[in-house]
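Going by numbering that gives the first Met the number 0, the letters in the sequence shown line up with residues 0 to 261, in that order. The structure under discussion appears below in the form of structure tokens.
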Amino acid sequence: MREADARLVVGNWKMNLTQAEARHLAAAVATALRAQSANAEVALCPAFPLLGVVREALRGTNVLLGAQDLFWEEHGAFTGKVSGAMLRDAGCEYCIVGHSECRGRFGRSSYDPQTLGFFSDTDETVRRKFAAALQAGLRPILCVGETAEERAQGMADEVVEAQVNGVLLGLREDASRCAVAYEPVWAIGTGDVCDPDEAERMAALIRDVLERRRLQSARVLYGGSVTPDNAPALFAKPGIQGALVGGASLKVEQFLNIVKAA
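So this is what it looks like as structure tokens:
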């Protein structure tokens with residue numbers, strides 16, 4: 000099966016797990032997938048301190064390693080930042096770029112608005128990160144999506160199209176192996192999930208933008224409270240070519256059932 004034809008299922012572990020827990024979870028996922036001969040391509044994206052132990056747990060398997068974010072400079076006085084070159088050296092194949100939580104766009108949040116500056120990604124920084132990931136030999140997974148307020152105002156299509164175009168416009172690097180994840184902000188970590196028909200409609204909008212940029216081989220994923228219960232209906236839509244999975248990726252059986260549905 001060609002890469003572009005295979006679905007991609009990505010586990011975004013976010014800020015969770017100790018080294019021992021990460022090693023155990025990665026090994027359990029890899030062992031089970033080897034036994035069930037999954038058709039989907041699978042990647043795990045742990046927090047930065049866990050990359051080493053997860054890399055070792057995945058060694059010799061078909062499960063790929065990914066990161067949750069990166070900085071656009073290769074090196075320098077950027078305290079707390081991690082470059083694409085560092086991630087590639089750490090064994091990463093994929094890197095999530097522009098996740099709604101990194102943009103400070105939360106589905107439901109008790110955060111003090113004054114602290115949201117810590118989640119400071121903008122369309123411009125996401126564009127730089129996307130290009131930096133490609134330059135480092137990583138495959139970026141670009142996250143785009145609207146808030147509940149934007150959807151209520153009828154702006155969902157406009158927001159998502161602008162987010163995709165903002166990254167791809169003027170891009171010089173070859174982005175043919177990237178993925179774009181539609182993650183409606185109102186569905187992230189809330190338990191709400193987008194109706195499969197609407198998710199496919201938004202995926203088609205993204206696909207249209209990609210094809211205008213001659214990126215036919217890029218895959219379009221869905222992210223937002225993906226579970227074993229709703230995954231089959233989402234994957235039944237041909238326009239949805241994979242999933243970016245959050246909370247369910249921390250539970251072996253749930254994640255494996257999502258992969259199986261793909």
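The beta carbon of each residue, even a glycine, is placed where N, CA and C say it ideally should be.
Candidates the options: closest to residue i by CA position
{"i": "V192", "options": "Q240, C91, E40 and A147", "result": "A147"}
{"i": "V219", "options": "N229, A230 and A198", "result": "A198"}
{"i": "Q240", "options": "A261, P227, A161 and L170", "result": "A261"}
{"i": "S248", "options": "L24, R211, C101 and D120", "result": "L24"}
{"i": "A180", "options": "V251, P48 and I140", "result": "I140"}
{"i": "E182", "options": "R200, L214 and G144", "result": "G144"}
{"i": "L214", "options": "E172, W185 and P227", "result": "E172"}
{"i": "G188", "options": "N164, G223, R211 and R206", "result": "G223"}
{"i": "G59", "options": "H74, W71, G90 and G79", "result": "G90"}
{"i": "E123", "options": "Q18, V163 and Q152", "result": "V163"}
{"i": "L168", "options": "R212, A34 and T78", "result": "R212"}
Residues bridged to residue i (per DSSP)
{"i": "G10", "result": "L43 and V244"}
{"i": "F70", "result": "S82"}
{"i": "P139", "result": "C94"}
{"i": "R218", "result": "A178"}
{"i": "L63", "result": "A42"}
Supposed contact pair residue j and residue i - C-beta distance, whole angstroms, cut 8 Å
{"i": "S99", "j": "C142", "result": "6 Å"}
{"i": "V28", "j": "F234", "result": "Wrong, their Cβ atoms sit about 18 Å apart, outside the cutoff."}
{"i": "A76", "j": "P45", "result": "Their Cβ separation, rounded to whole angstroms, is 26 Å, which puts A76 and P45 out of contact at 8 Å."}
{"i": "A37", "j": "V258", "result": "5 Å"}
{"i": "K250", "j": "P195", "result": "Rounded, the Cβ-Cβ distance is 22 Å, inconsistent with contact."}
{"i": "C177", "j": "A230", "result": "Contact flag wrong, Cβ pair sits at about 22 Å."}
Contact check, residue i vs residue j, beta carbons under 8 Å
{"i": "A66", "j": "L86", "result": "yes"}
{"i": "V8", "j": "A161", "result": "no"}
{"i": "L16", "j": "L50", "result": "no"}
{"i": "L209", "j": "V159", "result": "no"}
{"i": "L137", "j": "E92", "result": "yes"}
{"i": "R104", "j": "V184", "result": "yes"}
{"i": "V41", "j": "L64", "result": "no"}
{"i": "A34", "j": "R6", "result": "no"}
Own chain, CB closer than 7 Å to residue i, minus 5 neighbours either side, in chain order
{"i": "V125", "result": "V96, G97 and V166"}
{"i": "L69", "result": "V81, S82, G83, L86, C94, K128, A131 and A132"}
{"i": "N11", "result": "C44, Q67, I95, L243, V244, G245 and S248"}
{"i": "E149", "result": "A155 and V158"}
{"i": "C101", "result": "D68, F118 and D120"}
{"i": "A26", "result": "A56"}
Min CB distance residue i to chain B below 8 Å
{"i": "L168", "result": "Absent from the structure is chain B; it holds one protein chain and no more."}
8 Å Cβ shell around residue i - same chain, five flanking residues per side excluded
{"i": "Y221", "result": "A180, Y181, E182, C193, A198, A202, L233, I239, G241, A242 and L243"}
{"i": "Q134", "result": "G83 and E172"}
{"i": "N256", "result": "P227 and A230"}
{"i": "Q18", "result": "P48, L49 and V52"}
{"i": "R206", "result": "V219 and G238"}
{"i": "M14", "result": "A46"}
{"i": "H74", "result": "S82 and A84"}
{"i": "R54", "result": "L64, A89 and G90"}
{"i": "G190", "result": "S224"}
Proximity test, residue i beta-carbon vs the ligand MN heavy atom, cut-off 7 Å
{"i": "I95", "result": "In the structure on display, the ligand MN does not appear, and there are no ligands present to speak of."}
Beta-carbon contacts of residue i that lie in its chain and below 6 Å, excluding the five residues immediately before and after
{"i": "A186", "result": "V192, C193, G223 and S224"}
{"i": "W71", "result": "R127, K128 and A131"}
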